[in-house]
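**Q** Residue numbers (our numbering), protein chains in the order written: chain A, -15 to 292; chain B, 2 to 364; chain C, 292 to 585. Note that CB positions come from ideal geometry on N, CA and C, so glycine has one too. Take this structure, written in structure tokens, and hold onto it; I'll ask about it next.
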Amino acid sequence: MSANTVQNGKRNVLRVENVTMQFGGVIAVNNLSLEVNEGEIVALIGPNGAGKTTTFNCITGVYEPTNGEISFYDQVIVRNHPTGKMKKLYAGENKDLYTRAALRSPEKGAHGDGKRRSVKVLRPTPDQITKLGIARTFQNIRLFKSMTVFENVLIAKHVRARQNIFTATFRLNYQEEKRAREECLALLEEQGLLPMKDDLATSLPYGLQRRLEISRALATNPKLLLLDEPAAGMNPQETQELADFIVHIKNKYNLTVLLIEHHMDLVMRISDRIYVQDFGKLIAHGTPAEVQNNQRVIDAYLGVVEDA
Amino acid sequence: MDKLQKRKKLIITAAALAALFIILWVLEQILPANAMLFVVLKKGAIYALVAVSMNLLNGFTGLFSLGQAGFMLIGAYTYAIFTIPLEYHDSVYQYFNGGIIKFTVPVFAALIMAGAAAAIFAYLIGLPVLRLKSDYLAIATLGFAEIIRAFFQWDALGPVTNGSNLLRQYPSFTSVLFPFAVAGVCILLIVLLINSSYGRAFKAIRDDEIAAEAMGINLAKHKQLSFTISSFFAGVGGALLAMYQTTVQANAFKSAMTYEILLIVVIGGLGSVSGSVLSSFLFIAASEWWLRFLDADTYIGAFKVPLLASGFRKVVFSVIIMIVVLFYRNGIMGDKELSAETFGGIRRFLRKRLGRRKEEVTK
Amino acid sequence: MEFISSNLQYILTGISVGGQYALIAIGYTMVYGILRLINFAHGDIFMAAGFMMVYLSATLPMYIALPLVVLITVLLGFVVERVAYKPLRNAPRMSIMISAIGVSYFLQNLAWYVTSGLAKQYPAIPWISDSISIGPATTKIVTVITPLLTIVLVTALVLLIKHTKIGMAMRAVSRDFETSQCMGIKINFVISITFIIGSFLAAVGSLLYFSNYPTVTPISGAMPGLKAFVAAVFGGIGSIPGAVVGAFIIGICENIIKGLGWTTFSDAFTFALLIIILVAKPTGLFGEKMTDKV
Chain A
-15 MSANTVQNGK RNVLRVENVT MQFGGVIAVN NLSLEVNEGE IVALIGPNGA GKTTTFNCIT
45 GVYEPTNGEI SFYDQVIVRN HPTGKMKKLY AGENKDLYTR AALRSPEKGA HGDGKRRSVK
105 VLRPTPDQIT KLGIARTFQN IRLFKSMTVF ENVLIAKHVR ARQNIFTATF RLNYQEEKRA
165 REECLALLEE QGLLPMKDDL ATSLPYGLQR RLEISRALAT NPKLLLLDEP AAGMNPQETQ
225 ELADFIVHIK NKYNLTVLLI EHHMDLVMRI SDRIYVQDFG KLIAHGTPAE VQNNQRVIDA
285 YLGVVEDA
Chain B
2 MDKLQKRKKL IITAAALAAL FIILWVLEQI LPANAMLFVV LKKGAIYALV AVSMNLLNGF
62 TGLFSLGQAG FMLIGAYTYA IFTIPLEYHD SVYQYFNGGI IKFTVPVFAA LIMAGAAAAI
122 FAYLIGLPVL RLKSDYLAIA TLGFAEIIRA FFQWDALGPV TNGSNLLRQY PSFTSVLFPF
182 AVAGVCILLI VLLINSSYGR AFKAIRDDEI AAEAMGINLA KHKQLSFTIS SFFAGVGGAL
242 LAMYQTTVQA NAFKSAMTYE ILLIVVIGGL GSVSGSVLSS FLFIAASEWW LRFLDADTYI
302 GAFKVPLLAS GFRKVVFSVI IMIVVLFYRN GIMGDKELSA ETFGGIRRFL RKRLGRRKEE
362 VTK
Chain C
292 MEFISSNLQY ILTGISVGGQ YALIAIGYTM VYGILRLINF AHGDIFMAAG FMMVYLSATL
352 PMYIALPLVV LITVLLGFVV ERVAYKPLRN APRMSIMISA IGVSYFLQNL AWYVTSGLAK
412 QYPAIPWISD SISIGPATTK IVTVITPLLT IVLVTALVLL IKHTKIGMAM RAVSRDFETS
472 QCMGIKINFV ISITFIIGSF LAAVGSLLYF SNYPTVTPIS GAMPGLKAFV AAVFGGIGSI
532 PGAVVGAFII GICENIIKGL GWTTFSDAFT FALLIIILVA KPTGLFGEKM TDKV
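Here's what the structure looks like:
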């Protein structure tokens, strides 16, 4: 599974390997592997309930995957193998691939090259993932509802600032604070949200709330941006604009983008590559053109006619 | 422009506070020391501090904790234990051979120690319980408060805590300026914190934990911070309460006390510091002073006014509270703060109302 | 064996108190199962039942007073729900919990007003207050019948929930509030029934509980209420058998601790147990796991 670090001259940003997420007896994500390279826009599509958002939650630390490994810029950030009750319950594949013993042994392990690596189980919390440089938006918009547009963005700067609770309380961090405010104002200006900066975030129209959520994610200075159905509830016109917007911010901030989306025109237009997930499993992968003509994808979306 | 306005606001606030202290000082010179007003002001200031500290946790961080009485107890005891003058030890600790603490510390040091002791306990308690969600957290903190209460009454700790007996003879205050100054400084610190970057992080956690985490905010660390700081000030508040009462006993710090503070916070508005302060004074004034007449048997001529009897005040009072809880769920202030603009707003509102009246009259 | 015989008195009391806690705990667990509300006022309804008995038995013969106490308590539970909780159905969970605390505050103050803050002597109920000796221990009959009565009532309740239409509605509502509303279940009716059952059991529990104590005070309900709630959490909130098992365990442990001479810590022990359970296994002994959707 181990791929070259550099593909077509691009660095590998995100590598998900054999990730399985099992809740009780339900396998939401089944042995999923995918890669995203620097500067790409990659889409993850699939019917409802295919496990796309769960995959995002595994990458961002909201869930601890039951099994598998996730790397960011070639550094392992998440790694787990079935433990405790899951040892018995686990019904996915590659059960023993990421145990300590397997990672130590040169033949059996996930990286069969015999090199010595850390064998630790890694279960970071979402904030640690964000600090590494992965930002996300949510399927159902999650803005801070009692805060203004400006404050929503400003929150992202909290962890980046050099300060502690004493310097913050006694305003000894005023330089940091000033810089954070200026950065946020610049970002809002750039996103066209400056005129409503003092409005309550939830008072914005739906489309702008989506945009604010993306702006907020950008304010954490990410390298990789995960967008969970950014066009949900938008009309074709708005979807069009959003597509341009995503490409624009990608270029402007040197981002890599992984997105979940149901609007196929958006997906087909802006993605470099597409992964298709169904019932937790990856069923297809390729360029937009390849995926469009893949029979399994068509079956997954439209259903299969059973022979009588 | 913005800066100028900020400075202007600051000056107005400082002037208002200075005026308040001068008025209090003048009042103390002209009114008798046992006037009901001073009881209300003293107790109100103390409750204001405790309510604001609870609001920091419940209103601003969204952590529904019911441990306040426990932390106040720790503060009250820490203060009392370390300030009882040595010459009184034999009479206070009469069942425990004069106790084992053989030194005292100055009042201000003891106040800080009171806060610190509560904060340390809170930190330790927070490690396991802050992972719990909403009502589970509430019941766990309530449980800890009860455990603390039992612990301080334990005979084996008698040489320090005097078991289930009273602690007394420690330094107290007479002037209303003292609780106002201490509570004022503490509340000011809390306000500074709330308006800082950390305060914003707390509010983010309250609004949406998952989104806050996605913004890089370490939930465990920030909840722990809020919990510990809130408890620090509850501890200081407990110490002030001990000073006010001149005696202290663990049995008084029941969960009913926490409920009372919670109701104050709710009436003032979850997420409003000035609301908590305002409602503390209203709460204390109503329960200790204004509704007193309801407790006295009253005769108009030969006719005895029905219902009025000892305890009726509290019944009426709890009905008022229920009305607030049910029909004015956001409390007095909602999550807004009292400021110069509020007064401006009230003026505009009144003018509009009165203006309309005039129009109606002219019609 | 020697431990048991020397502590028989405490164990018997423990089982009895456990049964009484169980009757209160069911009210908590059922309400929590449906409304996700810790009904802080439940302990005070239990206390109110105690006072009603004091006042009613003073003027009425026992055979009228007993059913009347139960009836009025049920009515009180019903009214509290309608007045204090129903208007907040769509409010945040914290508001309704605060309302519960408000009701508790009100009931305690009302009781204080009515009694002028004096502890009232609880009447001796014929037969169940009589003494009986079991082996070396002497106790009241109530100690023996409490666990039996508890088991009978709980069995009846479980049957009701499993096999009747209203029971099915209750299960549906506790599983998914909104969906069951869409399926045409009259939510308010189901909730009222839940409170009625809870208050009924609390009234019975109150009759049994206070028969063991000389007096009732306005704060008599607070501690047993909290302990019963702990029992409900311990057993897994929402689960009726869980609440019963939890209540018996807490009742027995608490009395053994008293027997060992640690009376100061008998209350604290309950809460320590609560915290250990919450931290180690928040779903309790029989509870189901719930996950938040992101």
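Please list, in chain order, the chain A residues whose beta carbon lies closer than 7 Å to that of ILE218 (chain B).
**A** ASP111, HIS142 and VAL143
**Q** I'd like the span of the beta strand (DSSP E) that includes GLY52 (chain A), first residue to last.
**A** That run of the beta strand (DSSP E) goes 51 to 56.
**Q** Considering just the uninterrupted stretch of the alpha helix (DSSP H) at SER256 (chain B), what are its terminal residues?
**A** First-last of the alpha helix (DSSP H) with SER256 (chain B): 256 to 269.
**Q** Throw me the rounded Cβ distance for the ILE329 (chain C) and ALA391 (chain C) pair, which I believe falls under 8 Å.
**A** 7 Å
**Q** Apart from the five residues just before and just after THR175 (chain B), which ones in its own chain have a Cβ nearer than 8 Å to its Cβ?
**A** So the qualifying residues of the chain are ALA34.
**Q** Measure the C-alpha to C-alpha separation of SER232 (chain C) and VAL433 (chain C) and round it to an integer number of angstroms.
**A** Here chain C comprises residues numbered 292 to 585, so residue 232 (chain C) is not present and cannot be evaluated.
**Q** Under 8 Å, Cβ to Cβ, is there at least one residue of chain B near ARG200 (chain A)?
**A** For ARG200 (chain A), the answer is yes, since a Cβ of chain B falls inside 8 Å of its Cβ.
**Q** Please list, in chain order, the chain A residues whose beta carbon lies closer than 9 Å to that of LYS204 (chain B).
**A** PHE128, SER130, MET131, GLU135 and ILE139
**Q** On the DSSP letters alone, give me the boundaries of the alpha helix (DSSP H) that GLU294 (chain A) sits inside.
**A** With chain A covering only -15 through 292, there is no way to say anything about residue 294 (chain A).
**Q** Along the chain, which unbroken stretches of the alpha helix (DSSP H) at least 4 residues long are found entirely within the region 96 to 140 of chain B?
**A** 108 to 130
**Q** Which residues bound the beta strand (DSSP E) around GLN59 (chain A)?
**A** 59 to 64
**Q** Would the beta-carbon of GLY236 (chain B) fall within 8 Å of that of ILE75 (chain B)?
**A** yes
**Q** Buried or exposed: LEU16 (chain A), going by 16 or more other Cβ atoms within 10 Å of its Cβ?
**A** buried
**Q** With 16 as the cutoff for other CB atoms within 10 Å, does ASN546 (chain C) come out buried or exposed?
**A** buried
**Q** Check the Cβ of ILE211 (chain B) against every Cβ in chain A and list those closer than 8 Å, keeping chain order.
**A** The contacting residues are VAL46, PRO110, PHE122 and ARG126.
**Q** Within the same chain, show all residues whose beta-carbon is closer than 7 Å to that of PRO172 (chain B), passing over the 5 residues directly before and after it, in chain order.
**A** THR84 and VAL108
**Q** Going along the region 188 to 203 of chain B in order, which residues come within less than 8 Å of chain A, judged by CB to CB distance?
**A** LEU190, LEU193, LEU194, SER197, SER198, TYR199, ARG201 and ALA202
**Q** Could you tell me the boundaries of the alpha helix (DSSP H) in which ALA182 (chain B) lies?
**A** 178 to 195 is the extent of the alpha helix (DSSP H) around ALA182 (chain B).
**Q** Terminal residues of the continuous beta strand (DSSP E) containing SER231 (chain B)?
**A** First-last for SER231 (chain B): 220 to 246, but that is the alpha helix (DSSP H), not the beta strand (DSSP E).
**Q** Please identify the residue among A:GLU53, A:THR37 and A:ARG88 whose C-alpha is closest to the C-alpha of VAL46 (chain A).
**A** A:THR37
**Q** At the level of alpha carbons, what is the spacing between LYS79 (chain A) and LYS69 (chain A)?
**A** 14 Å
**Q** Taking only the alpha-carbon atoms, compute the straight-line gap between MET474 (chain C) and LEU133 (chain B) and give it to the nearest angstrom.
**A** 33 Å
**Q** Give me the Cβ distance between PHE122 (chain A) and ASP212 (chain A), rounded to the nearest whole Å; I'm assuming they're in contact under 8 Å.
**A** With 8 Å as the limit, PHE122 (chain A) and ASP212 (chain A) qualify as a contact, their Cβ atoms being about 6 Å apart.
**Q** Could you tell me whether any Cβ in chain A is nearer than 8 Å to the Cβ of MET2 (chain B)?
**A** At MET2 (chain B), the pLDDT of 48 sits below 50, so the modelled position is not reliable; the number obtained from the coordinates is stated separately. False, the Cβ-Cβ gap to chain A never drops below 8 Å.
**Q** Kindly indicate if chain B contains any beta-carbon less than 8 Å away from that of LYS115 (chain A).
**A** yes
**Q** Can you name the residues of chain C whose CB is closer than 8 Å to the CB of SER54 (chain B)?
**A** Near SER54 (chain B) there are no residues of chain C at all, since even the closest Cβ is about 18 Å away, more than 8 Å.
**Q** Could you tell me which whole alpha helix (DSSP H) segments of length 4 or greater appear in the region 504 to 566 of chain C?
**A** Runs of the alpha helix (DSSP H) inside the region 504 to 566 of chain C: 513 to 526 and 531 to 550.
**Q** Three or more beta-carbon pairs under 8 Å between the region 344 to 363 of chain C and the region 412 to 420 of chain C, yes or no?
**A** yes
**Q** Using a Cβ-Cβ distance cut-off of 8 Å, determine whether ASP558 (chain C) contacts chain B.
**A** yes
**Q** Name, in chain order, the residues that DSSP records as bridge partners for GLU19 (chain A).
**A** A:ARG(-1)
**Q** Quickly, what does DSSP pair VAL260 (chain A) with across the bridge? List them, please.
**A** A:ILE29 and A:ALA268
**Q** Using a Cβ distance threshold of 8 Å, determine whether the region 62 to 77 of chain B contacts the region 133 to 142 of chain B, with at least three qualifying pairs required.
**A** yes
**Q** Taking C-beta pairs closer than 9 Å, name the residues in chain B that ILE230 (chain A) reaches, listed in chain order.
**A** Within chain B, no residue comes near ILE230 (chain A); the closest Cβ sits about 18 Å away, beyond 9 Å.
**Q** According to DSSP, what are the bridge partners of ARG120 (chain A)?
**A** A:LEU210.
**Q** If I measure Cβ to Cβ from THR186 (chain A) and keep anything under 8 Å in the same chain, skipping five residues before and after, which residues do I get?
**A** LEU127, LYS129 and GLN193
**Q** At 7 Å on the CB atoms, spell out the chain C contacts of TYR137 (chain B), in chain order.
**A** Taking the beta carbon of TYR137 (chain B) as reference, the chain C residues within 7 Å of it are LEU569 and PRO573, listed in sequence order.
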